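> In the working numbering, the protein residues as written are -3 to 352.
Here a beta-carbon is modelled for each residue, glycine too, at the ideal position from N, C-alpha and C.
Every value quoted in this text rests on a predicted model; they were computed, and no experiment measured them.
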Ligand code: EPS
């Protein structure tokens, strides 16, 4: 059984939806823990007024009974409260009545840095909104809900995952300055996973490598332009003698420059990954663009936006890392029932005498 996630949802549509398959039965989920992560994602310095409209909470429609998974697909829904302002503009079926609310006029001014132009070209849309709605980072909400489920699974085998913005204070000062100048900023987040035993992931094939999977998972998040594992780019300028983590007689490392991963396999040290987020592309002081309706030069679309979403990214990246670790934990330890997974993990740790 492989853990899989399918998600759907537009930013101003009725809801965001996720279906998680491959979860073992008997996993206890904590509703408050899932909703706390959803709230953490909404908080953070520099967020847009949209976050005062949304109060994200996960509704479970299938796969759970009395707080425990059934070993059947888990269906999660996060409703978009803002949809009430877009019921005509984002109606799934042809809307009835006169246009009203938001999203009634086609967007024709693509923003540099957003999905707008490539989206309309690729999918032959005549309204940029048809591209931007799904490309929006709004849909990370349901990935965070799924990540909270993954964290509950990982907790059963002593793994915890936490993300945070790098240099929060400096980031906040940059956000204040950018807001005054009607601009946006990006930043760097770091995720650490503790309790990961040696042996998750594999060097056998590219797609099994833990570092490759984490990089893909993090690059798959909106606005991420760079990923680093451990000391990452800084390792490139060191000598081999300075770059590697020596092994002591207890088979632990005396340093962790590799970020807990060697040859695509966890080595028992803390997993450390960082992701770099570009500045958000919706600017109150718009960049040069083209009006797709007239072909004339124009300024890009200006609409409500975050000045930064770096602290939100920390929570989303944490969920992404937790998700990948949970996938690999289930691949390695299996189990239709959570007790089977825990027992297999225990037997493995005994065999390799871990933790030391
Ligand atoms: C986003 C634009 C903004 C952000 C949104 C991501 O939304 P809106 O256009 O409704 O103001 O607030 O993020 C969220 C709604 C969220 O919950 O994270 C974008 O274009 O990516």
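Give a yes or no on contact between the stretch 205 to 212 and the stretch 283 to 293, applying the rule of three or more CB pairs nearer than 8 Å.
No, because fewer than three Cβ pairs between the stretch 205 to 212 and the stretch 283 to 293 fall closer than 8 Å, the two stretches do not touch.
> For residue 75, which beta-bridge partners are listed by DSSP?
Against the chain shown, residue 75 aligns to sequence position 79. Looking at the DSSP assignment, residue 75 forms a beta bridge with 11.
> Below 8 Å on the Cβ atoms is my guess for residue 139 versus residue 76; work out the distance and round it to an integer in Å.
The residue labelled residue 139 in the question sits at position 143 within the chain shown. The residue labelled residue 76 in the question sits at position 80 within the chain shown. Rounded, the Cβ-Cβ distance is 15 Å, inconsistent with contact.
> Measuring from the CB of residue 301, is there a heavy atom of ligand 1 at a distance below 7 Å?
In the chain shown, residue 301 corresponds to position 305, counting from 1. Correct: residue 301 has its Cβ closer than 7 Å to ligand 1.
> Could you give the distance in angstroms between the alpha-carbon of residue 181 and the alpha-carbon of residue 345?
Stepping through the chain shown from its first residue, residue 181 is reached at position 185. Stepping through the chain shown from its first residue, residue 345 is reached at position 349. Cα to Cα, the separation comes out at about 44 Å.
> Counting Cβ pairs, one atom from each stretch, are 3 or more of them under 8 Å apart for the stretch 302 to 312 and the stretch 165 to 182?
Yes: at least three Cβ pairs fall under 8 Å.
> Within 7 Å: the Cβ of residue 51 and any heavy atom of ligand 1?
Here residue 51 refers to the residue found at position 55 of the chain shown. No, ligand 1 has no heavy atom inside 7 Å of this Cβ.
> Give the DSSP bridge partners of residue 96, in chain order.
In the chain shown, counting from the first residue as 1, residue 96 sits at position 100. Residue 96 is not bridged to any residue.
> If you drop the 5 nearest sequence neighbours on each side, which residues of the same chain put their C-beta closer than 6 Å to that of residue 2?
Here residue 2 refers to the residue found at position 6 of the chain shown. Excluding positions up to five away in sequence, the list reads 15.
> CB-CB under 7 Å to residue 302, same chain, minus the five flanking residues each way: which ones, in chain order?
Here residue 302 corresponds to residue number 306 of the chain shown, with the count starting at 1. Contacts found: 42, 43, 44 and 276.
> Note down, in chain order, each residue of its chain lying with its Cβ closer than 6 Å to the Cβ of residue 131, except the 5 sequence neighbours on either side.
Walking along the chain shown from the start, residue 131 turns up at place 135. Same-chain partners within the cutoff: 111.
> Can you list the beta strand (DSSP E) stretches of 3 or more residues lying completely in the stretch 120 to 207, in chain order?
Whole beta strand (DSSP E) segments, 3+ residues: 156 to 161 and 183 to 190.
> Over the uninterrupted beta strand (DSSP E) stretch that includes residue 222, give me the two end residues.
Position 226 of the chain shown, counted from the start, is the residue given in the question as residue 222. Residues 220 to 225.
> I'd like the span of the beta strand (DSSP E) that includes residue 269, first residue to last.
In the chain shown, residue 269 corresponds to position 273, counting from 1. Run containing residue 269: 267 to 273, per the beta strand (DSSP E) assignment.
> Return the residue from the list 177, 222, 332 and 28 that minimises the CA-CA distance to residue 271.
Locating residue 271 in the chain shown gives position 275, where the first residue counts as 1. Nearest option by C-alpha distance: 222.
> Is the beta carbon of residue 77 within less than 7 Å of some heavy atom of ligand 2?
Absent from the structure shown: ligand 2. Ligands present: ligand 1.
> Would you decide whether residue 147 is buried or exposed? Buried here means 16 or more other CB atoms lie within 10 Å of its CB.
Position 151 of the chain shown, counted from the first residue, corresponds to residue 147. Residue 147 should be labelled buried.
> Assign residue 262 to one of three DSSP states: helix, strand, or coil.
In the chain shown, the residue the question calls residue 262 occupies position 266. Correct three-state label for residue 262: strand.
> Is any heavy atom in ligand 1 found nearer than 7 Å to the beta carbon of residue 117?
Start at 1 with the first residue of the chain shown, and residue 117 comes out as number 121. For ligand 1, not one heavy atom lies less than 7 Å from the Cβ of residue 117.
> Assuming residue 295 is part of the beta strand (DSSP E), what are its boundary residues?
Taking the chain shown and counting its residues from 1, one reaches residue 295 at position 299. Element bounds for residue 295: 293 to 295.
> Can you check whether the CB of residue 191 is closer than 8 Å to the CB of residue 356?
Because residue 356 is not part of the residues shown, which for the chain are -3 to 352, the question remains open.
> Verify whether the separation of the beta carbon atoms of residue 64 and residue 22 is less than 8 Å.
In the chain shown, counting from the first residue as 1, residue 64 sits at position 68. In the chain shown, counting from the first residue as 1, residue 22 sits at position 26. For residue 64 and residue 22, yes; Cβs fall inside 8 Å.
> Going by the beta-carbon positions, is the gap between residue 166 and residue 33 smaller than 8 Å?
Position 170 of the chain shown, counted from the first residue, corresponds to residue 166. Position 37 of the chain shown, counted from the first residue, corresponds to residue 33. Contact flag unset, no.
> Give the single residue among 237, 201, 194 and 118 whose Cα lies nearest to the Cα of residue 255.
To locate residue 255, count along the chain shown from 1; it is residue 259. Of the listed residues, the one whose Cα sits closest to residue 255 is 194.
> Are there 16 or more other CB atoms within 10 angstroms of the CB of residue 38, so buried, or fewer, so exposed?
Along the chain shown, one-based indexing puts residue 38 at 42. Counting Cβ neighbours within 10 Å, residue 38 comes out buried, since at least 16 surround it.
> Closer than 6 Å by C-beta to residue 4: which residues in its own chain qualify, once you throw out the five before and the five after it? Chain order, please.
By one-based count along the chain shown, residue 4 stands at place 8. Excluding positions up to five away in sequence, the list reads 13.
> With distances taken from CA atoms, which of 240, 263 and 104 is nearest residue 253?
The residue labelled residue 253 in the question sits at position 257 within the chain shown. It is 240 whose Cα lies nearest to the Cα of residue 253.
> How far does the beta strand (DSSP E) with residue 1 in it extend, from its first residue to its last?
Your numbering for residue 1 matches position 5 in the chain shown. It spans 0 to 4 - the beta strand (DSSP E) in which residue 1 sits, taken as one unbroken run.
> Out of 320, 329, 315 and 59, which has the shortest C-alpha to C-alpha gap to residue 29?
As a working note, residue 29 is residue 33 in the chain shown. Of the listed residues, the one whose Cα sits closest to residue 29 is 315.
> Kindly identify the DSSP beta-bridge partner or partners of residue 55.
Stepping through the chain shown from its first residue, residue 55 is reached at position 59. DSSP, once it has assigned bridges, lists 73 as partnering residue 55.
> When we look at the beta-carbon of residue 55 and count the other beta-carbons within 10 Å, is it buried (16 or more) or exposed?
If you number the chain shown from 1, residue 55 lands on position 59. Residue 55 is exposed by the Cβ-count criterion.
> Does the beta-carbon of residue 348 have 16 or more other beta-carbons within 10 angstroms, so that it is buried, or is it exposed?
Here residue 348 is taken as the residue at index 352 of the chain shown, counted from 1. Label assigned to residue 348: exposed.
> For residue 8, verify whether its CB is less than 7 Å away from any heavy atom of ligand 1.
What you label residue 8 is simply residue 12 of the chain shown in a count that begins at 1. Correct: residue 8 has its Cβ closer than 7 Å to ligand 1.
> Hey, would you say the C-beta of residue 100 is under 7 Å away from at least one heavy atom of ligand 1?
Position 104 of the chain shown, counting from 1, holds the residue named residue 100. Checking the Cβ of residue 100 against ligand 1 gives no.
> Would you check whether ligand 1 has a heavy atom nearer than 7 Å to the C-beta of residue 285?
Translated into positions along the chain shown, residue 285 becomes position 289. Outside the cutoff, so no.
> So, are the CB atoms of residue 200 and residue 319 less than 8 Å apart?
By one-based count along the chain shown, residue 200 stands at place 204. By one-based count along the chain shown, residue 319 stands at place 323. Cβ distance not < 8 Å, so residue 200 and residue 319 don't count as in contact.
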